[in-house]
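Number of protein chains: 2
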Amino acid sequence: MVSAAMAKQPLEFILEELEQADGLEALQRASEQIRDHYGIDHVVYHWVDSAGDQYGCGTYSDAWRERYLEQNYLRVDPVIVGCFQRFHPVDWKRLDWSSKAARAFQAEAIAYGVGNQGFSVPIRGPNGQFALFTISHSCNDDTWANWTETHRRDLILIAHDFNQKALELEPDRTPEQSQALSPREVDAMTLLAMGYSRAQVADTLSISEHTLRVYIESARFKLGALNTTHAVARAMSRGLIVV
Amino acid sequence: MVSAAMAKQPLEFILEELEQADGLEALQRASEQIRDHYGIDHVVYHWVDSAGDQYGCGTYSDAWRERYLEQNYLRVDPVIVGCFQRFHPVDWKRLDWSSKAARAFQAEAIAYGVGNQGFSVPIRGPNGQFALFTISHSCNDDTWANWTETHRRDLILIAHDFNQKALELEPDRTPEQSQALSPREVDAMTLLAMGYSRAQVADTLSISEHTLRVYIESARFKLGALNTTHAVARAMSRGLIVV
DNA sequence: TTTCTCCTCCCCAAAAATGGTGAGGTCGCA
DNA sequence: TGCGACCTCACCATTTTTGGGGAGGAGAAA
Numbered sequence: 000m001v002s003a004a005m006a007k008q009p010l011e012f013i014l015e016e017l018e019q020a021d022g023l024e025a026l027q028r029a030s031e032q033i034r035d036h037y038g039i040d041h042v043v044y045h046w047v048d049s050a051g052d053q054y055g056c057g058t059y060s061d062a063w064r065e066r067y068l069e070q071n072y073l074r075v076d077p078v079i080v081g082c083f084q085r086f087h088p089v090d091w092k093r094l095d096w097s098s099k100a101a102r103a104f105q106a107e108a109i110a111y112g113v114g115n116q117g118f119s120v121p122i123r124g125p126n127g128q129f130a131l132f133t134i135s136h137s138c139n140d141d142t143w144a145n146w147t148e149t150h151r152r153d154l155i156l157i158a159h160d161f162n163q164k165a166l167e168l169e170p171d172r173t174p175e176q177s178q179a180l181s182p183r184e185v186d187a188m189t190l191l192a193m194g195y196s197r198a199q200v201a202d203t204l205s206i207s208e209h210t211l212r213v214y215i216e217s218a219r220f221k222l223g224a225l226n227t228t229h230a231v232a233r234a235m236s237r238g239l240i241v242v
Numbered sequence: 000m001v002s003a004a005m006a007k008q009p010l011e012f013i014l015e016e017l018e019q020a021d022g023l024e025a026l027q028r029a030s031e032q033i034r035d036h037y038g039i040d041h042v043v044y045h046w047v048d049s050a051g052d053q054y055g056c057g058t059y060s061d062a063w064r065e066r067y068l069e070q071n072y073l074r075v076d077p078v079i080v081g082c083f084q085r086f087h088p089v090d091w092k093r094l095d096w097s098s099k100a101a102r103a104f105q106a107e108a109i110a111y112g113v114g115n116q117g118f119s120v121p122i123r124g125p126n127g128q129f130a131l132f133t134i135s136h137s138c139n140d141d142t143w144a145n146w147t148e149t150h151r152r153d154l155i156l157i158a159h160d161f162n163q164k165a166l167e168l169e170p171d172r173t174p175e176q177s178q179a180l181s182p183r184e185v186d187a188m189t190l191l192a193m194g195y196s197r198a199q200v201a202d203t204l205s206i207s208e209h210t211l212r213v214y215i216e217s218a219r220f221k222l223g224a225l226n227t228t229h230a231v232a233r234a235m236s237r238g239l240i241v242v
């Protein structure tokens, strides 16, 4: 690992490199540069799509990448599972590795060259979008604790910019803005999402149930939804209602 | 506004102050310190609960705060609405202020002392948790553009630490880890959220509709939901399913 | 002024969802 | 080995939701 004195400089440089990345290959190179600048084993950006699709970019070996996809480790990997429930960047040591599947996964990961130490920054967007920026290394606990403490802030910023760039370069992942709902439609969807029946919603809004139905139907139409549950789900995932 | 030379120093100091905050009052003071350090008009942290409850902390006047709550501006405020749809920190100028309600809101906000410029950092957590860290100021566009460009990274880090601290101090807001759903329950909820009817879901999962009902009911029970739509909404807002 | 969207109300019949109860199997953990 | 969690299937009657009609008034935009 590079000395602390050297390690302090790269941030500006890295962020600028990232800004200039003009394609997914450039992003791949950026992850390698980050790895080299900091003198750590691995730098990885991992995107998990709302549909469960994933996109990865980083310095893990192809073998591991393939193995990961093939075994569908997405649902096993304690880093994913744990970070998905957390707010803040986390050291891998603080995750839950107790289950049998997690231990097996860990052993295999290390065999494939992933470091025994790791630090992951969760990143979230609207519509449940989720990504992880991870660094991994092989060293003892104290060394790692010092290093992460020193570079925590750098990593947050890099994670941020990395994610921003990845999104720019793959605009498919920022879905279309959908047609807005009228105020009454929003009311209706919101109350339905809160578990009210149509009768209750109509009562709450002081309108007839027939009128309410018109709103639900028009919301369903605007959202391209097949039924009420679908409409509510879409309204939520598009941020049109907050529950 | 403070000179650039002075403005560069405060970051470390601010972050340390934040680390040491030991109560919500301290957090309030921290926001005032940040404001003074950077010489801007306002610094605000705004939390929006999954239930629509809010918690605010910052330098806006009490009058504006009350007005905001009383008028339920949460659903009007283009900063909230816009940031809720975005990934990245955003300058208020880039938000959509075109609707009549938004313009009225803007005029009123300025009358209550909110600056004409603003920059907000959206922060997200698991289970649909959402917060904004905002700074606001009164100045012309160029000055503001320069300032935000210079301090963008600082703001991201401060936003991050501020949010972390706010969560530490108010653990109520990291809600009960909702009971996880079983794989089949997740399947069922996911397909329902995609608009499938019960019959279609049962067919897709190759199980009888009766069996499917058991999943839906047990998911509903685990989620404390009143009906299927409610269960899907809760599963979504808790991040248990992604659609 | 015309045109548009939004809000409000009504009927009927068919389809879907719900509530309650019961039962048998597998699998992992303690 | 036993407990608990999960997956699978079934029947009943009742309540709720849905689909397809039609219609008038208010207010904003063009």
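Protein sequence lines correspond, in order, to chains A and B.
Residue numbering for the first sequence follows numbering that gives the first Met the number 0, starting at 0 and increasing by one per position.
Residue numbering for the second sequence follows numbering that gives the first Met the number 0, starting at 0 and increasing by one per position.
Here a beta-carbon is modelled for each residue, glycine too, at the ideal position from N, C-alpha and C.
Computed from a predicted structure; not experimentally measured.
Beta-carbon to beta-carbon, Glu184 (chain A) and Ala218 (chain A) are separated by about 4 Å, close enough to satisfy the 8 Å threshold. Here Tyr44 (chain A) is bridged, per DSSP, to A:Cys56 and A:Phe132.
Looking at the DSSP output, Ser119 (chain B) sits in a beta bridge with B:Val89 and B:Thr133. Nearest Cα to Thr133 (chain B) within the set B:Ala232, B:Tyr37 and B:Tyr44: B:Tyr44.
Within the stretch 173-202 of chain A, contact with chain B at the beta-carbon level (separation under 8 Å) is assigned to Thr173, Gln176, Val185, Leu191, Ala192, Met193, Gly194, Tyr195 and Ser196. Those residues of the stretch 132-163 of chain A placed with their C-beta closer than 8 Å to a C-beta in chain B are Arg152, Ile155, Leu156, His159, Asn162 and Gln163, ordered along the chain.
At a cut-off of 8 Å between C-beta atoms, Leu94 (chain A) does not count as an interface residue with respect to chain B. Here Asn162 (chain B) is buried: its Cβ has 16 or more other Cβ atoms, across all protein chains shown, within 10 Å. Contacts between Phe86 (chain A) and chain B, judged by CB atoms closer than 9 Å, involve Ile122, Arg123, Gly124, Pro125, Gln128, Asn162, Gln163, Leu166 and Thr173 in chain order.
Within chain A, no C-beta atom comes less than 9 Å from the C-beta of Ala108 (chain B); the nearest is roughly 20 Å away. Within chain A, the residues whose beta carbon sits less than 8 Å from that of Val231 (chain B) are Thr228, Val231 and Ala232, listed in sequence order. Excluding its 5 nearest sequence neighbours in each direction, Arg64 (chain A) has C-beta neighbours in its own chain below 7 Å: Gly55, listed in chain order. Look at Ser217 (chain A) here: in three-state DSSP terms it is helix. Here DSSP, grouped into helix, strand and coil, assigns Leu239 (chain B) to coil.
A Cβ of chain B is located within less than 8 Å of the beta carbon of Ala224 (chain A). About 17 Å separates the beta carbons of Leu225 (chain B) and Leu180 (chain B), which is beyond the 8 Å limit, so they are not a contact pair. Assignment of Glu169 (chain B) by DSSP, reduced to helix, strand and coil, places it in the coil class. Against chain A, the CB of Phe83 (chain B) has a partner CB under 8 Å away; the residue lies at that interface.
Runs of the alpha helix (DSSP H) spanning 4 or more residues and lying entirely within the stretch 10-42 of chain B occur at 23-37, in chain order. The beta carbon of Asp76 (chain B) is closer than 7 Å to those of Phe104 in its chain, skipping five residues each way along the sequence.
Residue range Asp61 to Glu69 is occupied by the alpha helix (DSSP H) that includes Trp63 (chain B). With respect to the 8 Å criterion, Cys82 (chain A) and Ser119 (chain A) are classified as neighbours on the basis of their beta carbons. About 18 Å separates the beta carbon of Pro88 (chain A) from that of Arg34 (chain A), a gap too long to meet the 8 Å contact definition. In this structure, Gly117 (chain A) lies near Trp91 (chain A), with their beta-carbon atoms less than 8 Å apart. Between the C-alpha atoms of Val42 (chain B) and Glu31 (chain A) there is a straight-line separation of about 37 Å. Taking 8 Å as the upper bound for CB-CB distance, Ala230 (chain A) and Met188 (chain A) are in contact here, some 7 Å apart.
Between Gln84 (chain B) and the set B:Thr149, B:Ile109 and B:Pro121, the nearest pair of CA atoms involves B:Pro121.
Taken atom to atom, the span from the alpha-carbon of Leu222 (chain A) to that of Gly114 (chain A) is near 45 Å. Our two residues, Met235 (chain A) and Thr228 (chain B), have alpha carbons roughly 12 Å apart in a direct line. For Gln84 (chain A), there is no enclosing alpha helix (DSSP H), as DSSP gives it neither H nor E. Ranked by Cα distance from Gly22 (chain A), the first of A:Tyr214, A:Glu167 and A:Arg237 is A:Glu167. CA-CA distance, Ala201 (chain B) to Arg212 (chain B), rounds to 9 Å. Residue state for Leu73 (chain A) is assigned as helix, using DSSP reduced to three classes.
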